[in-house]
Amino acid sequence: MEVVDIARWQFGIITVYHFLFVPITIGLSFIIALFETCWVRTQNEHWLRLTKFFGKLFLINFAIGLVTGIVQEFQFGMNWSDYSRFVGDVFGAPLAIEGLLAFFLESTFLGLWIFGWDKLPRMLHASCMWLVHIGTLLSSYFILAANSWMQHPVGHTYNEVTGRAELTDFWAVMFNKVQLVAFPHVVTACYLTGGAFVLGIAAWLYLRRRTRDEDRPMYLTAVRVAAWVTLIGGLGVAITGDLQGKVMTEVQPMKMAAAEGLYETSDSCAPFSVFTLGTPDGKEEKFAVTVPCLLSFLGTGTFDGKVEGINPLREKYAETYGTDPGATYYHPEDYVPIIPVTYWSFRFMIGLGMAAAAGAALLLWGTRKGRRPTAKWWSVMALAIPFLAVFGNSFGWIFTEMGRQPWVVYGLMTVDNAVSPGVSTTEAWISLLTLTGLYAVLAVIEFGLLTHYIKKGADDFVEPPDPTLRGDDADDDAPMNFAY
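Below is the structure:
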């Protein structure tokens, strides 16, 4: 294997692993803030118990996600130094703001939320988690702005002397047309995933035999709230995904063609491929099951819209961008992503997300008007929904990044030209194996901690002190208590 292949495997493993935690963190912070706000307003002890229970799981997930995310930064300098030099001027602004504003916002108020149960007035304490959630959304926006620039580079000029892309319009980068559809799509997917996470755990605890009967109504309430979040998030994913598909067809027609296995341009009524088999070299369709005209609608908004095919785009890109005889990742004349990966990751993304939303709708139907499901298949379905949502997110990112190949910055820099020139194959292998082993250990720790606290269930109700009711002799200088 060449260095570029090893570096790509390392980046893919670490990125997909890290993104397992991101949507859960964003979605779960919203649900915890909602639970605590309901407790402040109603004083129903069930809401507080749910807040603290899922708060523990949130902190575990947040900590592991933070640790795995730090490695992302080191990767750019280790294996992708030419890429870092090329994009550094553009990425500097949004990523600096993400670290100095968004991450500081969420980490500061998360600290106040953890340690401030006996210090802050209850509504102010609940507001801390809402600010944590806002911080996660801001972090997502700035990071996605950088990624969207890789998908559709705008607001820059190329300096031929330094060989760098230089930022000329910050607001063009922040309001990139790809960013404006990618952000709501990712955030609604996070709500779907966070809701599915809560739904699966609460449903399992509700159906578990050892759960006390007096606790079952609390878990059933959590199931219904989370199911609504999952269902609404799923509908948002579908709507924003449709908008994103139309923008993708405009700015990255090859990605849309590869996602659908469309080899020849369809001037009107392009079919949507349900299942396609192609030749091993990815240049010809052998068998396909299609829905007439649906791809034209998804890509252009009309049933007679034109959608370009893989083969004409291949020739067009070779003529526009030239060829690179020294390339190792793709054939010199080829600007086509790995079609089986792009094609199937696109379908797994859609299918798993729709299945998670459908499962949430089914649970809402089964628990309507106070009904209490008892059948075993409810437990199996509830446990499956979080995995469907998490893996649907992962396949979505695999599609987004693999569908852009062989470009690391679309139309400007290929993957072969982005890898660090001074890294040897041995060094790349050591890095890949070390980080993969480290992440495997972290996975064991994460799974062990989550399993331990999920099995314990929600703690018994202990009402936290209300600082607004303290007497005159209260010690304002007393240290904060760690609530977990």
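If you read the sequence shown in the UniProt record's numbering, its first letter stands for residue 1, the second for the next number, and so on.
For glycine and all other residues, C-beta sits at the position ideal for the given N, C-alpha and C.
Note that this is a predicted model, so its numbers are computed, not measured.
>> Going by C-alpha to C-alpha distance, which of Leu352, Gly245 and Ile338 sits closest to Thr302?
In response: Gly245
>> Taking the alpha carbon of Leu167 as the reference point, which residue from Gly99, Met174 and Thr157 has its own alpha carbon closest?
In response: Cα-wise, what sits closest to Leu167 is Thr157.
> Excluding sequence positions up to five away, which residues of its chain have a Cβ less than 6 Å from the Cβ of Gly135?
Replying inline: Excluding sequence neighbours, Gly135 sits near Ala102, Leu105 and Glu106.
> Between which two residues does the beta strand (DSSP E) carrying His156 extend?
Replying inline: His156 to Asn159
> If you draw a straight line from the alpha carbon of Gly55 to that of Ile32, how long is it in whole angstroms?
Replying inline: 7 Å
>> I'd like to know whether the C-beta atoms of Pro23 and Tyr410 end up nearer to each other than 8 Å.
In response: No, the pair does not count as a contact, with Cβ atoms beyond the cut-off.
> Which two residues bound the contiguous alpha helix (DSSP H) that contains Arg347?
Replying inline: Judged by DSSP secondary structure, Arg347 falls within the alpha helix (DSSP H) whose first and last residues are Ile339 to Gly366.
> Under three-state DSSP, which class holds Phe461?
Replying inline: Assigned with DSSP and collapsed to three states, Phe461 falls in coil, not helix or strand.
>> Comparing C-alpha positions only, which one of Pro337, Asp466, Thr240 and Cys269 sits nearest to Pro253?
In response: Pro337
>> By DSSP's criteria, Phe272 is part of a beta bridge. Which residues make up the other side?
In response: Val291
>> With the cut-off set at 8 Å, would you say Ala189 and Gly396 are in Cβ contact?
In response: Against a cut-off of 8 Å, the Cβ pair of Gly396 and Ala189 comes out as a contact.
> Among Ile445, Thr300, Asp334 and Thr162, which residue has its Cα nearest to the Cα of Leu243?
Replying inline: It is Thr300.
> For Phe142 versus Gly27, is the C-beta distance shorter than 8 Å?
Replying inline: no
>> Let me confirm a value: Ile14 is counted as buried when at least 16 other C-beta atoms fall within 10 Å, else exposed. Which label applies?
In response: buried
> Under 8 Å between the Cβ atoms of Val380 and Val4?
Replying inline: no
>> For Leu388 and Ala356, which I take to be in contact (beta-carbon distance under 8 Å), what is that distance rounded to the nearest angstrom?
In response: The Cβ separation is near 4 Å, so the contact holds.
> Any chance the segment 37-50 sits against the segment 450-466, with 3 or more Cβ pairs inside 8 Å?
Replying inline: yes
>> Whole angstroms are fine: how far does the CA of Ser424 sit from the CA of Thr240?
In response: Their Cα atoms are separated by approximately 42 Å.
> Do Val223 and Ala202 come within 8 Å of each other at the CB atom, strictly closer than that value?
Replying inline: yes
> Along the chain, where does the beta strand (DSSP E) that runs through Trp407 open and close?
Replying inline: Bounds of the beta strand (DSSP E) holding Trp407 are Trp407 to Val409.
> Grouping DSSP H, G and I as helix and E and B as strand, with all else coil, what is Leu442?
Replying inline: Helix.
> When the Cα of Trp204 is compared with those of Lys376, Arg347 and Asp89, which residue comes out closest?
Replying inline: It is Lys376.
> Would you call the CB atoms of Arg164 and Phe86 closer than 8 Å?
Replying inline: yes
>> Three or more C-beta pairs under 8 Å: does that hold for the segment 223-232 against the segment 361-369?
In response: Touching, yes.
> Are the beta-carbon atoms belonging to Arg6 and Leu449 less than 8 Å from one another?
Replying inline: Note on residue identity: the sequence assigns Ile, not Arg, to residue 6. Contact: no.
> With a CB to CB cut of under 7 Å and the five nearest residues on each side skipped, what residues in its chain are close to Tyr330?
Replying inline: Any reading at Tyr330 must be qualified, since the residue scores a pLDDT of 49, below 50, and its modelled position is unreliable; no value is offered.
> Residues in its own chain within less than 6 Å of Pro312 by CB, not counting five upstream and five downstream?
Replying inline: Closer than 6 Å at Cβ, skipping near neighbours: Thr265.
> Would DSSP call Val178 helix, strand or coil?
Replying inline: helix
> Of the choices Ala358, Thr68 and Phe115, whose alpha-carbon is the least far from that of Val441?
Replying inline: Nearest of Ala358, Thr68 and Phe115 to Val441, Cα basis: Thr68.
> When DSSP labels each residue in this structure, what does Ala165 get in the three-state scheme?
Replying inline: strand
> If you draw a straight line from the alpha carbon of Gly305 to that of Phe272, how long is it in whole angstroms?
Replying inline: 13 Å
> Where does Met413 fall in DSSP's three states?
Replying inline: strand
>> If the criterion is Cβ atoms closer than 8 Å, does the pair Arg314 and Tyr335 meet it?
In response: yes
>> Among the candidates Val71, Phe19, Val187 and Val40, whose CA atom is the shortest distance from the CA of Thr434?
In response: Val71
> Is Val229 helix, strand or coil when you go by DSSP?
Replying inline: helix
> Under a Cβ-count criterion, where at least 16 other Cβ atoms within 10 Å of its own Cβ denotes burial, should Ser230 be classed as buried or exposed?
Replying inline: The question names Ser, yet the displayed sequence has Thr at residue 230. Burial call: buried.
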